[in-house]
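Using this note's numbering, read the sequence shown as starting at 16 and increasing by one per residue.
These notes concern the structure reproduced below.
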Amino acid sequence: MTSIHWRQFFLDKGTGDLSATRLVLFIWATGVLVVWAVVSIVAKDIQTIPESVITVLGLALGGKAVQRFGEIRRTP
Numbered sequence: 016m017t018s019i020h021w022r023q024f025f026l027d028k029g030t031g032d033l034s035a036t037r038l039v040l041f042i043w044a045t046g047v048l049v050v051w052a053v054v055s056i057v058a059k060d061i062q063t064i065p066e067s068v069i070t071v072l073g074l075a076l077g078g079k080a081v082q083r084f085g086e087i088r089r090t091p
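Spelled out as structure tokens, the structure:
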């Protein structure tokens, strides 16, 4: 089994630089999961995640996809 170091996870594969978009996506998704879990545990019932939160998560995922296409450089 291969273990991935946390810094390697956030590195952009093309340049080796840190990917801010990947970091934002990770923080947002982790925050949503933690808050949802805590609220569900306190309420002792599975809670729904608001559509607005899912929309922001979708925008972050879509932004990462668009960013990746923008980073691809064409070689002459």
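The C-beta atom is built at its ideal place from N, Cα and C for all residues, glycine as well.
- Taking every protein chain shown into account, the CB of S34 has 16 or more other CB atoms within 10 angstroms, so this residue is buried.
- Distance between R37 and V57, taken at the CA atoms: about 30 Å.
- In this structure, the straight-line span from the alpha carbon of K59 to that of F41 is close to 26 Å.
- Straight-line spacing of the CA atoms in W51 and I69 works out to 12 Å.
- Within its own chain, the residues whose Cβ lies closer than 7 Å to the Cβ of G78, once the five positions on either side in sequence are excluded, are T36, listed in chain order.
- Secondary structure at I42: helix, using DSSP grouped into helix, strand and coil.
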